[in-house]
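Chemist: What follows is a single structure, and I will ask about it in a moment.
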Amino acid sequence: MLGASRRWRAEGRSIGLVPTMGALHAGHMRLVETARGENDVVVVSLFINPMQFGPNEDLDRYPRDWDRDAKMLQEAEVDAVYRPTAAEMYPPGASTRVHVRGVTDGLEGAARPRHFEGVATVVTKLLAAVAPDRAYFGQKDAQQVAVVNRLARDLDLGVEIRVVPTVREPDGLALSSRNVYLGPEERKAARSISAALREAAAAYSSGERDPVRLRARIAARLTLEPLVHLEYAELVDPATFQKPGTLAVIAARVGKTRLIDNHDVTKPFPG
Ligand code: PAF
Numbered sequence: 076m077l078g079a080s081r082r083w084r085a086e087g088r089s090i091g092l093v094p095t096m097g098a099l100h101a102g103h104m105r106l107v108e109t110a111r112g113e114n115d116v117v118v119v120s121l122f123i124n125p126m127q128f129g130p131n132e133d134l135d136r137y138p139r140d141w142d143r144d145a146k147m148l149q150e151a152e153v154d155a156v157y158r159p160t161a162a163e164m165y166p167p168g169a170s171t172r173v174h175v176r177g178v179t180d181g182l183e184g185a186a187r188p189r190h191f192e193g194v195a196t197v198v199t200k201l202l203a204a205v206a207p208d209r210a211y212f213g214q215k216d217a218q219q220v221a222v223v224n225r226l227a228r229d230l231d232l233g234v235e236i237r238v239v240p241t242v243r244e245p246d247g248l249a250l251s252s253r254n255v256y257l258g259p260e261e262r263k264a265a266r267s268i269s270a271a272l273r274e275a276a277a278a279y280s281s282g283e284r285d286p287v288r289l290r291a292r293i294a295a296r297l298t299l300e301p302l303v304h305l306e307y308a309e310l311v312d313p314a315t316f317q318k319p320g321t322l323a324v325i326a327a328r329v330g331k332t333r334l335i336d337n338h339d340v341t342k343p344f345p346g
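Counting in this note's numbering, the sequence shown runs from 76 upward without gaps.
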């Protein structure tokens with residue numbers, strides 16, 4: 076991959092990288108479109124990174140549909156797809172891990188120990204392999220965005236991290252590859268996550284500034300829905316992920332499916 080990048084660079088062409096784990100949806104395609112508008116060359120990586128899944132997580136059942144992904148990427152006219160195998164990514168003896176301190180301590184970092192070490196390690200390797208000018212991440216994974224921003228800055232990677240707004244279903248549910256796990260009743264119940272964020276933003280715009288009360292509103296909205304089990308709701312600073320802040324972040328289980336979402340309550344909720 077690096078050879079192709081060097082050629083593009085020698086030709087004076089800018090490179091945008093969209094890292095994904097496949098199972099592409101409109102949220103990924105928005106990243107691709109944004110990259111297309113800002114770069115001469117667009118590379119999409121597809122790699123289900125075993126290092127970022129915990130032992131009891133969904134690595135084995137994570138959705139995989141390479142033919143469909145390939146077709147979508149072809150239609151979007153991406154210039155190259157980088158699809159390393161796990162053995163290429165982590166050859167025997169590979170023992171280096173990238174650990175970003177602080178921002179990874181709480182919330183997703185606490186719920187999914189070593190998840191962000193897996194993300195930071197693979198993102199560092201993808202950036203090294205493709206050497207893009209810009210790399211594109213979705214706002215839905217807000218803590219991942221904070222980790223990647225910190226990583227790129229601390230390691231002087233010379234890549235611009237671009238963050239693209241969350242794409243939502245018409246009823247507000249954030250697009251996620253994991254939404255396919257939801258049964259029909261769970262899918263209906265999952266609406267309450269974005270509804271809670273919408274209500275928090277409305278409360279903020281009506282003058283509520285107390286993060287404890289904003290958090291309580293979110294929790295109250297989610298407890299109305301018996302199929303939804305709230306793991307956490309907090310208001311954090313988007314760069315440090317420390318409290319307090321104005322980014323409302325939620326993780327909830329809907330049946331067996333764990334979903335996350337977030338919204339900056341100082342802004343109107345979209346739609
Ligand atoms: O957001 C994702 O899909 C993954 O965490 C990423 C950034 C591709 C790293 O595996």
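In this text, a Cβ means the ideal position worked out from N, Cα and C, and glycines have one as well. No experiment lies behind these values; they were computed from the predicted model shown.
#1: Taking DSSP as the reference, what is the three-state secondary structure of I335?
#2: Let me make sure I understand the geometry here. Which of V198, A79 and D135 has the alpha-carbon closest to that of T95?
#3: Figure out for me which residue from P159, K215 and G282 has the closest Cα to the Cα of R253.
#4: Taking the beta strand (DSSP E) that E235 belongs to, which residues open and close that run?
#5: Assuming L302 is part of the beta strand (DSSP E), what are its boundary residues?
#6: Could you check whether the Cβ of Q214 sits closer than 7 Å to any heavy atom belonging to the ligand PAF?
#7: Could you tell me the distance, in whole angstroms, from the CA atom of A185 to the CA atom of F344?
#8: If I measure Cβ to Cβ from G129 and keep anything under 6 Å in the same chain, skipping five residues before and after, which residues do I get?
#9: Please indicate yes or no: does the CB of Q188 lie closer than 7 Å to some heavy atom of the ligand PAF?
#10: Just to confirm the assignment: which complete alpha helix (DSSP H) runs, minimum length 4, are found wholly within the stretch 77-108?
#11: Assuming R296 and A278 are in contact, meaning their beta carbons sit under 8 Å apart, how far apart are those beta carbons, in whole angstroms?
#12: Can you give me the Cβ contacts of G330 inside the same chain, cut-off strictly under 6 Å, excluding the 5 residues immediately before and after it?
#13: With DSSP run on the structure shown, which of helix, strand or coil describes F212?
#14: Is any non-hydrogen atom of the ligand PAF found closer than 7 Å to the C-beta of Q219, if you look at the structure I gave you?
#15: I'd like the ranges of any alpha helix (DSSP H) spanning at least 4 consecutive residues and lying wholly in the stretch 237-305.
#16: Examine the ligand PAF and report whether any of its heavy atoms sits within less than 7 Å of the Cβ of V255.
Modeler: On the basis of the coordinates in this document:
#1: Taken through DSSP and simplified to helix, strand or coil, I335 comes out as strand.
#2: Considering only alpha carbons, the answer is V198.
#3: Among P159, K215 and G282, the Cα nearest to that of R253 is on K215.
#4: From DSSP, the beta strand (DSSP E) with E235 extends over E235 to V239.
#5: Per DSSP, L302 belongs to no beta strand (DSSP E) and is neither H nor E.
#6: Outside the cutoff, so no.
#7: The C-alpha of A185 lies about 27 Å from the C-alpha of F344.
#8: Within the same chain, G129 has close Cβ partners R187.
#9: The sequence given here places Pro at residue 188; Gln does not occur at that position. Incorrect: P188 has no Cβ contact closer than 7 Å to the ligand PAF.
#10: The qualifying runs are 77-85.
#11: About 10 Å separates the two Cβ atoms, so there is no contact after all.
#12: Same-chain partners within the cutoff: E261.
#13: Residue state, collapsed to three classes: strand.
#14: It does: the Cβ of Q219 is within 7 Å (strictly closer) of some heavy atom of the ligand PAF.
#15: Within the stretch 237-305, the complete alpha helix (DSSP H) runs of at least 4 residues are 259-280 and 286-298.
#16: Residue side-chain check: V255 keeps its Cβ at 7 Å or more from all non-hydrogen atoms of the ligand PAF.
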